Amino acid sequence: MKCLVTGGNVKVLGKAVHSLSRIGDELYLEPLEDGLSLRTVNSSRSAYACFLFAPLFFQQYQAATPGQDLLRCKILMKSFLSVFRSLAMLEKTVEKCCISLNGRSSRLVVQLHCKFGVRKTHNLSFQDCESLQAVFDPASCPHMLRAPARVLGEAVLPFSPALAEVTLGIGRGRRVILRSYHEEEADSTAKAMVTEMCLGEEDFQQLQAQEGVAITFCLKEFRGLLSFAESANLNLSIHFDAPGRPAIFTIKDSLLDGHFVLATLSDTDSHSQDLGSPERHQPVPQLQAHSTPHPDDFANDDIDSYMIAMETTIGNEGSRVLPSISLSPGPQPPKSPGPHSEEEDEAEPSTVPGTPPPKKGPSPVLAEDSEGEG
Amino acid sequence: MKFRAKIVDGACLNHFTRISNMIAKLAKTCTLRISPDKLNFILCDKLANGGVSMWCELEQENFFNEFQMEGVSAENNEIYLELTSENLSRALKTAQNARALKIKLTNKHFPCLTVSVELLSMSSSSRIVTHDIPIKVIPRKLWKDLQEPVVPDPDVSIYLPVLKTMKSVVEKMKNISNHLVIEANLDGELNLKIETELVCVTTHFKDLGNPPLDVVFKCIPIILASESTHEDRNVEHMAEVHIDIRKLLQFLAGQQVNPTKALCNIVNNKMVHFDLLHEDVSLQYFIPALS
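Protein chains in written order, with our numbering: chain A, 3 to 376; chain B, 903 to 1193.
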């Protein structure tokens, strides 16, 4: 794979990487026939983001050397981001950026051609991986709204940068409402300030949703796409369904498109999504939980691919089978009574038949000795 | 208890926002006292605050063009609320380009001060931002601890130098010692001193001027309780107080704009009292001596 980005597009690419870095720690780079795709997913699989840069975005684009399979790789987000860390520097000094992936070498080479003949070469190590793909279809969502990113940027301005989640819904008079969402802590006496922003229908280019619908999603993750869309002066569309179903945020122009798919709080957990009736219950945010246990102890990619529910069929050239990531949180695991139960589950060592039960409490060795002596 | 107020003037709104930013820097939690003519931001000298106390007062008619309040009862026509200062300043921050700002006391499943801002918008429709700031209503029996502190009889009263300069000096001194001595005399001299085993640093401010006693005590005529009269005392004699440098720094950090008037009163070895005026808003800040 070899592609060359020049001029202002270098900064656009950099901004996209910054956006993706708000979501996940690993970047999946996949050169496709219809463009270069950069994807990531967060650790709890509750957010997926993808940017696809069309071949025209590049001065030169070669998805694969002829006769070879399309390669794809997974890089540490931190490493890739470090190349594009300073957007100001990219704008001022970088003239060309060349990204190449060679099947034989084990390095992704990113070369920045800067002013005054300076050339910066980054050799990033990568891992082979399967294709990261989420199954989602904006067209299947009954509700959608579209507005210039600037309007949405102004809409989230009143919210604290520290705010994790926000509820978006349609209120009376077809007004679009954004309200800060706070998990209720049972014994917390300190209540958080509630902020609500109310916009008129006229601010939106398209609004296809009835009064009363609402979803709650992670604002921090949304801000990643929003800042990119604002800088590129694009319109942002939000496609959504019932609470609990993922919400799809999209941007598009002739040279690129971006999709952010975020999980939303489900109805059973959060009654406060109803913007009309402000009853607040004790929701367990499903944004953190997901139906399969998190395999923290596995180091290699194979198990990772289990998480992404990979399926590759043998003999399928270029393996572009689209496995699905289970993004809608799905049913709660049977034994999770509260938000911290997942950690507790992992902490308990598994009981394998034939092995002694894990020792808990004060050291039993000392206890045995004293008993023996006594 | 009822409270509704509205600001429509841009300049008043900005001034009110600046005041709330200052309060947010001076006190994490404070008491807001609402009375028919005034608003006060109060921090009483509890142990939790390190003995520091603050009294900020503004005349409501200088800010609000609508102001209605009904206190706890007819005889006690006041409202005392406890809130997190940062919430108010954050809520007001969104009102930078507002057409109007409304504040009212509400009870949306918990008592709050609702700040509602109508923003100017490009399109024809209005945009409204609402902030519900959780508050705690302070019961009548605790009001006695939240009254205006008595200005003590100072040993020295002096005008302060430019606060930004003072702040940058104190900021550097903080790295050397936590213990600062502030001393001043009636000859317009003020010193900030820190002392450790290895080093002593003193910053001298001269020609500051001392306010006449009627300015200090805000009333004429005055009768000095002490035996020696003002003229008798040696003008060069320094009154000093040892304070925690961080408290002084917190006070100085809150002053983003240079005040209209700034003076400080020192009660020898007891406390330092700062008396500032930001246009029409008065701020008094008391820092006790280190025990």
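Every residue gets a Cβ at the ideal spot worked out from N, C-alpha and C, and that includes glycine.
Quantities reported herein were computed from a predicted structural model and do not represent experimental measurements.
Glutamine 11 of chain A: which of A:Ser239, A:Arg109 and A:Phe60 sits nearest, CA to CA?
Correcting the residue identity first, residue 11 of chain A is asparagine in this sequence and not glutamine. The residue with the shortest Cα to Cα distance from asparagine 11 of chain A is A:Phe60.
Does valine 1174 of chain B come within less than 8 Å of chain A when only Cβ atoms are used?
no
Own chain residues within Cβ distance below 7 Å of alanine 194 of chain A, not counting five before or after:
His184
Counting contacts by CB-CB distance shorter than 8 Å, is glutamate 93 of chain A in contact with chain B?
No, glutamate 93 of chain A does not count as interfacial toward chain B.
In the DSSP assignment, the beta strand (DSSP E) including asparagine 1136 of chain B goes from what residue to what residue?
Unbroken run through asparagine 1136 of chain B: none, as it is neither H nor E.
Alpha carbon to alpha carbon, how far is alanine 993 of chain B from threonine 919 of chain B?
9 Å
Per DSSP, what are the beta-bridge partners of tryptophan 957 of chain B in this structure?
B:Ile944 and B:Gln1186
Please list, in chain order, all residues of the same chain as isoleucine 240 of chain A whose beta carbon is under 6 Å from its beta carbon, the five residues on each side excluded.
Leu147 and Phe251
Using CA atoms only, rank isn't needed, just tell me which of B:Asp1182, B:Arg935, B:Lys930 and B:Leu945 is closest to threonine 986 of chain B.
B:Lys930
Listed by chain order, chain B residues near valine 196 of chain A by CB distance under 9 Å
The contacting residues are Lys1010, Cys1014, Thr1032, His1033, Asp1034, Ile1035 and Pro1036.
So which of B:Leu1178, B:Val1174 and B:Val1039 has the shortest CA-CA distance to glutamine 960 of chain B?
The amino acid at residue 960 of chain B is misidentified as glutamine; the sequence shows leucine. Nearest of B:Leu1178, B:Val1174 and B:Val1039 to leucine 960 of chain B, Cα basis: B:Leu1178.
Give the DSSP bridge partners of methionine 971 of chain B, in chain order.
B:Phe905
Quick check on the DSSP output: what are the complete beta strand (DSSP E) runs of length 3 or more inside the segment 231-268 of chain A, in order along the chain?
237-242, 249-254 and 258-264
Using the Cα positions of threonine 266 of chain A and glutamate 213 of chain A, report the straight-line distance between them to the nearest angstrom.
18 Å
Is the CB-CB distance between arginine 230 of chain A and alanine 18 of chain A below 8 Å?
Residue identity differs from the one stated: residue 230 of chain A is phenylalanine in this sequence, not arginine. Yes, these two residues count as a Cβ contact at 8 Å.
Can a CB atom of chain A be found closer than 8 Å to the CB of asparagine 916 of chain B?
no
Is any beta-carbon of chain B found at less than 8 Å from that of proline 160 of chain A?
yes
Is the beta carbon of leucine 1015 of chain B less than 8 Å from the beta carbon of leucine 1022 of chain B?
no
Interface residues of chain A around serine 991 of chain B at Cβ under 9 Å?
The contacting residues do not exist; serine 991 of chain B stays about 11 Å from chain A at best.
Candidates B:Ala1191, B:Leu1154 and B:Gln1158: which alpha carbon is nearest valine 1169 of chain B's?
Nearest C-alpha to valine 1169 of chain B: B:Ala1191.
6 Å CB neighbourhood of histidine 124 of chain A in its chain, flanking five on each side removed
For histidine 124 of chain A, where only same-chain residues beyond five positions count, the Cβ hits under 6 Å are Val85 and Val112.
Indicate whether the contact test is met: 3 or more Cβ pairs, each with one atom in the segment 1145-1155 of chain B and one in the segment 931-938 of chain B, closer than 8 Å.
no
So, is the C-beta of threonine 933 of chain B closer than 8 Å to a C-beta in chain A?
no
Between valine 215 of chain A and glycine 171 of chain A, what straight-line distance do the alpha-carbon atoms span, to the nearest angstrom?
5 Å
Could you have a look at proline 355 of chain A and say whether DSSP puts it in helix, strand or coil?
No answer about proline 355 of chain A holds up, because its pLDDT of 43 lies below 50 and its placement is not dependable.
With a CB to CB cut of under 6 Å and the five nearest residues on each side skipped, what residues in its chain are close to leucine 1185 of chain B?
Cys958 and Leu1178
Taking just the CA atoms, how far does valine 137 of chain A sit from glycine 26 of chain A?
18 Å
Between the alpha carbons of alanine 1002 of chain B and glutamate 223 of chain A, how many angstroms are there, rounded?
32 Å
Contact set for histidine 261 of chain A: own chain, Cβ-Cβ below 6 Å, skip 5 residues either direction:
Cys52 and Thr252
For a test of your reading of the model: does the CB of lysine 995 of chain B fall under 7 Å from any non-hydrogen atom of the ligand SAH? Yes or no.
Annotation note on the ligand SAH: not contained in the displayed structure, which lists no ligands.
How about leucine 221 of chain A: is its C-beta nearer than 8 Å to some C-beta of chain B?
Closer than 8 Å: no.
Extent of the continuous beta strand (DSSP E) to which isoleucine 217 of chain A belongs
216-220
Those residues which DSSP pairs with methionine 1068 of chain B across a bridge
Looking at the DSSP assignment, methionine 1068 of chain B forms no beta bridge with any residue, so it has no partner.
Please list the terminal residues of the continuous beta strand (DSSP E) segment that includes histidine 124 of chain A.
121-127
Name, please, each residue of chain E whose Cβ falls closer than 8 Å to the Cβ of lysine 193 of chain A.
Among the chains of the structure shown, chain E does not appear; the protein chains present are A and B.
Taking the alpha-carbon of asparagine 1160 of chain B as reference, which of B:Glu1142, B:Glu1181 and B:Cys1166 has the nearest alpha-carbon?
B:Glu1181
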